[in-house]
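Chains as they are written, first to last, in my numbering: chain A, 1 to 219; chain B, 1001 to 1219. Ideal placement from N, C-alpha and C gives every residue a C-beta, glycine not left out.
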DNA sequence: TGATAGTATATTGTATACAATCGACTGTCG
DNA sequence: CGACAGTCGATTGTATACAATATACTATCA
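Structure, rendered in structure tokens:
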């Protein structure tokens, strides 16, 4: 993979897992020296993050990690619920044996991470599973859109896992239902199951974020 | 606006209106010298176009304008129909007086362009109207997603206008219905009207693209 | 003392220089 | 005659140098 993409992945991880807090500044030269590269690939990486809504770039004033908020959560999830539903339906329509295997594999990975009680691992498995469904849709445009939407959604999920661990169980169960519908080739059910699962998560995460904002109103 | 964004706008126009044909190469230095700037902003501009699906960048091999195809059309419109529906519903929910004026204004512009018989002007007005609806949703995440999806859709619409002018009349009528629902504050009707309009366009454009592919199978 | 102009510094935006790689051409050898 | 290695040109990827601008600090004046 290219250097900017690789760097973007690393920074994205840091943002999703809160190693880089909301509001943190991203100074090009600083990052460049830290990774012993020049500003050129760093600039490219930051632009990738901007396209994903993870950082906000103000002209001549630099970039900072975007804040999380109830309003932003609602925006992201309103889009996500539609696009993920679309992906599940398409995956059910264009199902292929290899995708099927891949899906089951990743659900097991998800369950294993839950057993282990590792939040980060669970989120990683969850991202991998999502991507597998996206790929199974064989809709490259949809994949492109989702790849610019998912990372921000992951930030909220990670936030919520710490406060509402039952969300993980709901996620496993929901995904099992989605996978079953995809395997059965029923797009409508796959879409409905996906929307139900995401809508449920949305409401739970919303409570967590509301709490967060009540505690820290100065954000 | 920044230089890269301005340049991207210009190149985007050229691609949408077919001044840059599908498959055309975009050589960084060539563009740079043509506009009397350096490669740095050109590279950024090309990345913007890539994020919008207008150009395909292959590592170390350069960028070329993406091809249009029936398959790609279906991908784009499957996403578009959902996201535009969402935008219309949100706009209906969060309607404000200023948005209302703006909407009506742009529909009149659309009708005027149709009277004039100017394809390009009609498409420009159409883009402006779409953006107005997007903005009226007050959902910045949705706006971001749509801004990376619309340009590709515009390419197909421009293609179809030349062969199926009645599409423009249907667009005016459809948009009037959508605007009425938004003004009435009825999200469900706004969404349904939008999806009906886009679905209709989808089927007509599909025929045009099928024809195109039958004529030129070597693409 | 408070406001303001001026300056200094930090950081981004743009231009240029250098390195690496891909594709095409060509010449040689089997 | 065909296949293949080597070289050359074109183009992208990365690094560095320079220019422009925003912010913070300081000194001066009302």
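Inter-residue Cα distance where the pair is residue i and residue j
{"i": "residue 159 (chain A)", "j": "residue 211 (chain A)", "result": "11 Å"}
{"i": "residue 216 (chain A)", "j": "residue 1 (chain A)", "result": "39 Å"}
{"i": "residue 1050 (chain B)", "j": "residue 144 (chain A)", "result": "11 Å"}
{"i": "residue 42 (chain A)", "j": "residue 4 (chain A)", "result": "6 Å"}
{"i": "residue 187 (chain A)", "j": "residue 92 (chain A)", "result": "5 Å"}
{"i": "residue 1106 (chain B)", "j": "residue 141 (chain A)", "result": "28 Å"}
{"i": "residue 59 (chain A)", "j": "residue 1179 (chain B)", "result": "35 Å"}
{"i": "residue 1090 (chain B)", "j": "residue 1103 (chain B)", "result": "14 Å"}
{"i": "residue 1094 (chain B)", "j": "residue 1136 (chain B)", "result": "7 Å"}
{"i": "residue 125 (chain A)", "j": "residue 17 (chain A)", "result": "14 Å"}
{"i": "residue 1128 (chain B)", "j": "residue 1197 (chain B)", "result": "17 Å"}
{"i": "residue 1154 (chain B)", "j": "residue 1123 (chain B)", "result": "8 Å"}
{"i": "residue 1088 (chain B)", "j": "residue 1191 (chain B)", "result": "5 Å"}
{"i": "residue 1146 (chain B)", "j": "residue 1057 (chain B)", "result": "21 Å"}
{"i": "residue 23 (chain A)", "j": "residue 1044 (chain B)", "result": "25 Å"}
{"i": "residue 1010 (chain B)", "j": "residue 1030 (chain B)", "result": "15 Å"}
{"i": "residue 109 (chain A)", "j": "residue 1108 (chain B)", "result": "56 Å"}
{"i": "residue 19 (chain A)", "j": "residue 28 (chain A)", "result": "17 Å"}
{"i": "residue 1139 (chain B)", "j": "residue 1206 (chain B)", "result": "30 Å"}
{"i": "residue 1157 (chain B)", "j": "residue 1214 (chain B)", "result": "19 Å"}
{"i": "residue 61 (chain A)", "j": "residue 1202 (chain B)", "result": "42 Å"}
{"i": "residue 183 (chain A)", "j": "residue 162 (chain A)", "result": "32 Å"}
Cut-off 8 Å between Cβ atoms - residues of its own chain near residue i, not counting five sequence neighbours on either side
{"i": "residue 1200 (chain B)", "result": "1170 and 1174"}
{"i": "residue 1055 (chain B)", "result": "1015, 1026, 1046, 1049, 1063, 1064, 1065 and 1066"}
{"i": "residue 250 (chain A)", "result": "Residue 250 (chain A) lies beyond the range of chain A shown here (1 to 219); nothing can be said about it."}
{"i": "residue 1121 (chain B)", "result": "1113"}
7 Å Cβ shell around residue i - same chain, five flanking residues per side excluded
{"i": "residue 149 (chain A)", "result": "76, 79, 80 and 83"}
{"i": "residue 189 (chain A)", "result": "181"}
{"i": "residue 1204 (chain B)", "result": "1160, 1164 and 1167"}
{"i": "residue 1032 (chain B)", "result": "1038, 1039 and 1042"}
{"i": "residue 1035 (chain B)", "result": "1007"}
{"i": "residue 1111 (chain B)", "result": "1172"}
Boundaries (first-last residue) of the beta strand (DSSP E) holding residue i
{"i": "residue 1062 (chain B)", "result": "1062 to 1065"}
{"i": "residue 55 (chain A)", "result": "55 to 58"}
6 Å CB neighbourhood of residue i in its chain, flanking five on each side removed
{"i": "residue 1012 (chain B)", "result": "1151"}
{"i": "residue 1209 (chain B)", "result": "1070 and 1073"}
{"i": "residue 1177 (chain B)", "result": "1193"}
{"i": "residue 1195 (chain B)", "result": "1081 and 1085"}
{"i": "residue 1052 (chain B)", "result": "1148 and 1151"}
{"i": "residue 1185 (chain B)", "result": "1092 and 1095"}
Element boundaries [alpha helix (DSSP H), containing residue i]
{"i": "residue 1139 (chain B)", "result": "Counting along the chain, residue 1139 (chain B) falls outside any alpha helix (DSSP H), and DSSP gives it neither H nor E."}
{"i": "residue 1033 (chain B)", "result": "1028 to 1034"}
{"i": "residue 1171 (chain B)", "result": "1166 to 1184"}
{"i": "residue 194 (chain A)", "result": "187 to 215"}
{"i": "residue 1017 (chain B)", "result": "Here residue 1017 (chain B) belongs to no alpha helix (DSSP H), and DSSP marks it neither H nor E."}
{"i": "residue 154 (chain A)", "result": "150 to 163"}
{"i": "residue 80 (chain A)", "result": "70 to 93"}
{"i": "residue 1040 (chain B)", "result": "1039 to 1051"}
Residues that DSSP places opposite residue i in a beta bridge
{"i": "residue 1120 (chain B)", "result": "DSSP output for residue 1120 (chain B) lists no bridge partner at all."}
{"i": "residue 1025 (chain B)", "result": "B:1064"}
Any non-hydrogen atom of the ligand SAM closer than 8 Å to residue i Cβ
{"i": "residue 1057 (chain B)", "result": "Of ligands this structure carries none, so the ligand SAM is not represented either."}
Exercise for review: Count the CB pairs spanning the segment 1058 to 1077 of chain B and the segment 1168 to 1179 of chain B that are closer than 8 Å, and state whether there are at least three.
Suggested key: no
Check your understanding: Within the chosen definition, does the segment 94 to 102 of chain A reach the segment 132 to 140 of chain A through at least 3 CB pairs nearer than 8 Å?
Key -> yes
Point to revise | Validate contact between the segment 58 to 70 of chain A and the segment 114 to 129 of chain A using beta carbons, cut 8 Å, 3 pairs | key: no
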